Amino acid sequence: MTTLVFGVPPEVDARLRVEAARHGHDVLASGASAGHVEAMVRALRPAAVIVHAGPEFLTARVLAACDETGVSVVALVAIERERRHATSIGLYETTDVAAGWPAIELLLGGPRQSAQVAEPGPLAGTVIAVWGPAGAPGRTTLSIGI
């Protein structure tokens with residue numbers, strides 16, 4: 001179970017709460033602004049924050065609070081301007097707000113898997129290369145997610 005704090009508009013909050021509970025996560029609180037989200041991160045220290053990527057919920061102070069407390073951030077974007085805002089303050093990994101819970105789950109660390117061990121199958125597979133220039137953020141996270 002992952003403990004979460006939300007900083008999203010009310011209509012998105014309602015949908016995500018249902019999905020989070022269905023996937024075994026615990027939502028500690030929701031913030032109505034970036035200031036509220038920052039305060040909740042510092043006070044509650046959740047495992048992750050799911051935040052709308054607009055400036056009303058996501059600021060450099062929110063990211064700093066998450067960095068200081070070791071909280072993961074999942075930013076949801078609805079329009080390209082929000083993606084650019086997240087990038088401008090240093091958050092490069094975002095997902096579309098309409099993408100649904102599976103996309104969020106991957107950014108939270110991937111879906112939990114059962115302890116069952118499958119029989120080894122054929123050794124055929126696919127090779128995927130994850131590349132980026134020096135200093136490019138997100139390569140490791142993307143590789144782990146794949």
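Take the sequence shown: its position 72, counted from the start at 1, is 72 in the working numbering, and no numbers get skipped.
Glycine included, each C-beta is placed from N, C-alpha and C at the ideal position.
Please read all numbers here as calculations on a predicted model, not as lab measurements.
**Request:** Give the secondary structure of L58 by DSSP, where H, G and I count as helix, E and B as strand, and everything else as coil.
**Result:** L58: coil per DSSP, three-state reduction.
With 16 as the cutoff for other CB atoms within 10 Å, does V148 come out buried or exposed?
Because residue 148 is not part of the residues shown, which for the chain are 1 to 146, the question remains open.
- Query: Looking only at C-alpha atoms, which of I146, G109, V51, C66 sits nearest to H85?
  - Reply: If you compare the alpha carbons of I146, G109, V51, C66 with that of H85, the shortest gap goes to V51.
Quick check on the DSSP output: the beta strand (DSSP E) that includes G7 runs from which residue to which?
Here the beta strand (DSSP E) through G7 covers 3-7.
For A34 versus G7, is the C-beta spacing smaller than 9 Å?
Yes, they are a contact pair.
Is the CB-CB distance between E11 and I104 below 9 Å?
When the beta-carbon positions are compared, E11 and I104 stay at least 9 Å from each other.
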